[in-house]
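For reference, the structure discussed in these notes is given below.
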Amino acid sequence: MSAFTITSKVDIVVSMFYNAISSSLTTFAGQNFGAKKIDRVKGGFKRGFIYVTIYNLAIIPIVFIFSRSIVGFFVNDPDVIELGIKAVHITCFVYLALGLIYVPRGTLNGVGDANFSLINGI
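Once you know that position 100 of the sequence shown is 99 in numbering that gives the first Met the number 0, the rest is easy, because the numbers rise by one and skip nothing.
Set out below in structure tokens:
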């Protein structure tokens, strides 16, 4: 249970960037879609993917390499640390997909198509 809690805390910190990108894209896409500036919406969508890709290239190695220190920050038990390291190693590769889901989610919400978010959330 401790390892799961630690992994969840790491995920929350990492995914704050994805939430920020998604929220920003929702506003950006909504304003530009309303102004009928579709190329700006497309440009924002592409930049969102670029930002998420750069972030993923930075955060995944950091989380993977420093997983012992990250997990050790929360707990001192060696067994929990080892289990937490394994959990963090597994979940850090899910960040790739997670980041790439948030970009279309934010953009589509902004242009008024919430069906993707609904299906994705389910």
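Glycine included, each C-beta is placed from N, C-alpha and C at the ideal position.
Distance CB(residue i)-CB(residue j) smaller than 8 Å
i: Tyr94; j: Ile59; result: yes
i: Gly98; j: Val51; result: yes
i: Val40; j: Thr106; result: yes
i: Pro103; j: Phe92; result: no
i: Val70; j: Val13; result: no
Among the options, the one whose alpha carbon lies nearest that of residue i
i: Arg46; options: Gly71, Ile20, Ala57 and Met15; result: Ile20
i: Asp10; options: Ala28, Ala86, Gly29 and Gly109; result: Ala86
i: Ala2; options: Ile80, Asn18 and Ile49; result: Ile80
i: Phe48; options: Gly111, Ile100, Leu117 and Asp112; result: Ile100
i: Gly33; options: Phe65, Ser23 and Gly111; result: Gly111
Own chain partners of residue i with C-beta closer than 6 Å, once the 5 adjacent residues on each side are dropped
i: Tyr16; result: It is Phe, not Tyr, that sits at residue 16 in the sequence shown. Closer than 6 Å at the Cβ level, and outside the excluded window around Phe16, lie Tyr54.
i: Phe44; result: Thr106
i: Gly29; result: Gly109
i: Asn31; result: Arg39 and Val40
i: Phe27; result: Gly43
Neighbourhood of residue i by C-beta distance below 8 Å, restricted to the same chain and skipping five residues each side
i: Thr6; result: Gly83, Ala86, Val87 and Thr90
i: Lys8; result: Phe73
i: Thr25; result: Gly105, Thr106, Asn108 and Gly109
i: Arg67; result: Ile80 and Ile84
Beta carbon proximity, residue i to chain D, threshold 8 Å
i: Ile49; result: In the structure shown, chain D cannot be found, because there is only a single protein chain.
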